[in-house]
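Here the structure comes first, spelled out in structure tokens, and everything after it is commentary.
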Amino acid sequence: MEFSPGLRGVVAGETSISTVGKEGTSLRYRGYDATDLTKNNTYEEVASLIIADSLRWR
Numbered sequence: 001m002e003f004s005p006g007l008r009g010v011v012a013g014e015t016s017i018s019t020v021g022k023e024g025t026s027l028r029y030r031g032y033d034a035t036d037l038t039k040n041n042t043y044e045e046v047a048s049l050i051i052a053d054s055l056r057w058r
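Okay, so the sequence shown: first residue is 1 according to our numbering, each after it adds one.
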């Protein structure tokens, strides 16, 4: 096993729920920017997106 300081470049798991940008500076939930989601939607709306994979109100 190869040592990687800070786990940079190590895949910890795969999911369709969220992705982190290559530089580790961006976060997306189901394809939507996390910052935009929190600015423009309620907690319940974001939770619905994560759980049901749908922004039904849009």
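Beta carbons are placed, not taken as given, at the ideal position from N, Cα and C, and that holds for glycine.
These numbers come from a predicted model, not from an experiment.
- About 17 Å separates the beta carbons of residue 18 and residue 7, which is beyond the 8 Å limit, so they are not a contact pair.
- For residue 35 and residue 55, the gap between their C-alpha atoms comes out near 16 Å.
- Here residue 38 carries a helix assignment [DSSP, helix/strand/coil].
- Here the alpha carbons of residue 21 and residue 41 stand approximately 22 Å from one another.
- In the displayed model, residue 55 falls within coil according to three-state DSSP, outside both helix and strand.
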